[in-house]
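Novice: Provided herewith is a single structure, encoded as structure tokens, for subsequent inquiry.
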Amino acid sequence: MPRASRIVALSAAAVLTLGLAACATSPASDDTASGDNGDFTPITIEHAFGETVIDAKPERVATVAWANQEVPLALGVVPVGMAKVTWGDDDEDGLLPWVKEKLDELDAETPVLFDETDGIDFEGVADTNPDVILAAYSGLTQEDYDTLSEIAPVVAYPENAWGTSWRDTITQNAAGMGLVSEGDDLVAELEQEISDAAAEHPSLEGKSVMFLTHVDESDLSEVSFYTTHDTRTMFFDDLGMQSAPSIITASEATDQYSLTQSAEQADAFNDVDVIVTYGGDDLVATLEGDPLLSQIPAVANKSIVNLSGSGPMGTAANPTALSISHVVGDYAALLAAAADNAE
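Whatever position you read off the sequence shown (first residue = 1), add 305 for the numbering used here.
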């Protein structure tokens with residue numbers, strides 16, 4: 306089927322227009338976006354690097370970076386290629402369990418997996434001959450974006466690298482496939498699932514929380530945490546919790562998704578009821594034994610959710626289109642157990 310695509314990238318210095326055309330054939334209707342090209346209305350998607358115009362319904366969808374593949378899969382579209390998972394993949398097959406389940410449900414083979422250990426696999430992406438490249442949740446640089454745009458139209462993140470909420474990841478990527486209303490419906494369904502899970506644990510309501518990044522138990526001189534710009538902390542709001550005021554204040558001075566602060570300033574976190582983190586088995590005892598960090602209320606009350614031994618749940622604390630349904634109930638229960646200690 307003929308395809309005509311056009312991307313317009315805007316910057317402070319110049320306007321670059323690329324006309325792209327290719328030919329692709331779809332073997333099955335459930336592997337492609339719904340609707341006919343004759344009825345397709347061009348879609349303009351604004352993002353951090355300008356805007357992308359989708360002139361014709363994409364039939365070959367590639368995704369790069371973390372979790373973008375879950376949006377087309379959730380909408381019944383099997384990507385021609387997607388990033389290989391290298392973190393949280395217990396069986397090392399490059400797929401997270403909820404992705405594998407969805408591929409089985411769609412009776413689909415595993416797409417081409419791009420190895421992004423050393424960055425975007427541009428050659429691998431090009432080899433899949435995509436009509437569109439989805440990267441709404443990513444850390445693309447301008448150079449990455451420009452290179453990918455020579456292959457196909459690119460749907461990049463709206464504002465901040467690695468700062469796209471799960472809702473915007475869905476709506477942005479869905480728009481790139483010409484599935485705007487389907488994306489909105491998916492968001493509504495997941496919002497209801499989250500609301501139902503939170504309703505089962507009223508102790509979550511209003512609790513203040515911080516998400517520590519991986520804690521170095523051999524050196525507690527610094528505390529690293531995710532800011533309010535990170536999707537892990539945004540998810541707390543969905544569940545009825547809130548980022549601690551100290552985290553909100555620290556986040557206002559940056560657009561970065563994480564920050565590091567001296568442990569000598571641990572008293573700044575005296576408003577933290579619950580801590581979520583990725584740590585070793587001895588993490589809680591280590592924090593409790595530290596003269597500075599033990600002053601944080603969440604540490605003193607043992608209100609800590611340690612995701613290091615939680616398998617895929619540690620990965621799904623960063624909410625995505627497929628992982629939410631897979632773990633939200635169990636995750637809410639873990640958070641509630643910690644919140645109960647803070648009572």
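All C-beta atoms, glycine included, are put in the ideal place defined by N, C-alpha and C.
Inspect the beta-carbon positions of VAL460 and ALA440 and report whether they are closer than 8 Å.
Specialist: Yes, Cβ-Cβ distance for VAL460 and ALA440 is below 8 Å.
Novice: Could you tell me how far apart the beta carbons of ALA622 and VAL581 are, in whole angstroms, since I believe they sit closer than 8 Å?
Specialist: The pair is a contact, with the Cβ atoms about 7 Å apart (cut-off 8 Å).
Novice: On the CB-based measure, 16 or more other CB atoms within 10 Å of its CB, does GLY424 come out buried or exposed?
Specialist: So GLY424 counts as exposed.
Novice: Just verifying my parser: in three-state terms, what is the DSSP assignment at MET546?
Specialist: In the structure shown, MET546 sits in coil (DSSP, three-state: anything other than H, G, I, E or B).
Novice: Could you work out which residue in ALA367, ARG537, ASN646 and GLY488 is closest to SER508 when comparing CA atoms only?
Specialist: Residue ASN646 is the option with its Cα nearest to SER508.
Novice: Assuming VAL385 and PRO416 form a contact by the criterion Cβ under 8 Å, report the distance between their Cβ atoms to the nearest whole angstrom.
Specialist: Confirmed, about 6 Å.
Novice: Apart from the five residues just before and just after SER556, which ones in its own chain have a Cβ nearer than 8 Å to its Cβ?
Specialist: Correct list, in chain order: THR532, THR533, HIS534, SER548 and LEU564.
Novice: Comparing alpha-carbon positions, which option in PHE540, THR625 and ALA641 lies nearest LEU401?
Specialist: Nearest C-alpha to LEU401: THR625.
Novice: Can you give me the Cβ contacts of GLN374 inside the same chain, cut-off strictly under 6 Å, excluding the 5 residues immediately before and after it?
Specialist: Cβ neighbours of GLN374 beyond the five flanking positions: THR368, PRO384 and MET387.
Novice: Kindly give me the distance between the Cβ atoms of ALA643 and SER608, rounded to whole angstroms, as I take these residues to be in contact under 8 Å.
Specialist: Yes, ALA643 and SER608 are in contact; Cβ-Cβ is about 4 Å, under 8 Å.
Novice: Taking DSSP's pairing of strands, which residues face HIS352 in a bridge?
Specialist: Answer is GLY355, bridged to HIS352.
Novice: The beta strand (DSSP E) spanning GLU527 covers which residue range?
Specialist: Segment 527-531, the beta strand (DSSP E) holding GLU527.
Novice: To the nearest whole angstrom, what separates the beta carbons of LEU525 and ASP420, a pair I think is in contact under 8 Å?
Specialist: Contact flag wrong, Cβ pair sits at about 35 Å.
Novice: Near TRP467, what residues of its chain come up, given a Cβ to Cβ distance below 6 Å and the 5 sequence neighbours on each side ignored?
Specialist: Only GLY444 and TYR562 meet the Cβ criterion.
Novice: Classify VAL581 as helix, strand or coil using the three-state DSSP reduction.
Specialist: Of the three classes helix, strand and coil, the one that applies to VAL581 here is strand, per DSSP.
Novice: Determine the extent of the alpha helix (DSSP H) in which PHE427 is found, giving its start and end residues.
Specialist: First-last of the alpha helix (DSSP H) with PHE427: 427-432.
Novice: Where does THR478 land, buried or exposed, given buried means 16+ other C-beta within 10 angstroms?
Specialist: The amino acid occupying residue 478 in the given sequence is Asn; Thr does not appear at that position. That one is buried.
Novice: Taking the DSSP output, what are the residues bridged to THR565?
Specialist: Paired residues: SER529.
Novice: Measuring straight from C-alpha to C-alpha, what distance separates ASP360 and ASP543?
Specialist: The straight-line gap from Cα to Cα measures roughly 35 Å.
Novice: Counting beta carbon pairs with one atom in the region 470-477 and one in the region 490-499, are three or more of them shorter than 8 Å?
Specialist: Yes, since at least three Cβ pairs between the region 490-499 and the region 470-477 fall closer than 8 Å, the two stretches touch.
Novice: Is the beta carbon of ARG365 closer than 8 Å to that of ASP436?
Specialist: Contact flag set, yes.
Novice: Any idea if PRO458 is buried or exposed, counting beta-carbon neighbours within 10 angstroms, 16 or more meaning buried?
Specialist: So PRO458 ends up on the buried side.
Novice: Please name the residue in HIS631, GLN447 and ILE350 whose C-alpha comes closest to that of LYS405.
Specialist: For LYS405, the nearest C-alpha among the options comes from HIS631.
Novice: With distances taken from CA atoms, which of GLY429, GLU527, SER523 and VAL390 is nearest THR591?
Specialist: With distances taken between Cα atoms, THR591 lies closest to SER523.
Novice: Any idea which residues DSSP pairs ASN611 with across the strands?
Specialist: Per DSSP, THR582.
Novice: To the nearest angstrom, report how far apart LEU585 and VAL610 are at their CA atoms.
Specialist: Correcting the residue identity first, residue 585 is Gly in this sequence and not Leu. Straight-line Cα distance between these residues: approximately 12 Å.
Novice: Bridge partners of ILE438, per DSSP?
Specialist: Paired residue(s): ALA367 and VAL459.
Novice: Have a look at ASP398, THR446 and ILE552 and flag the residue whose alpha-carbon is nearest the alpha-carbon of LYS389.
Specialist: It is ASP398 whose Cα lies nearest to the Cα of LYS389.
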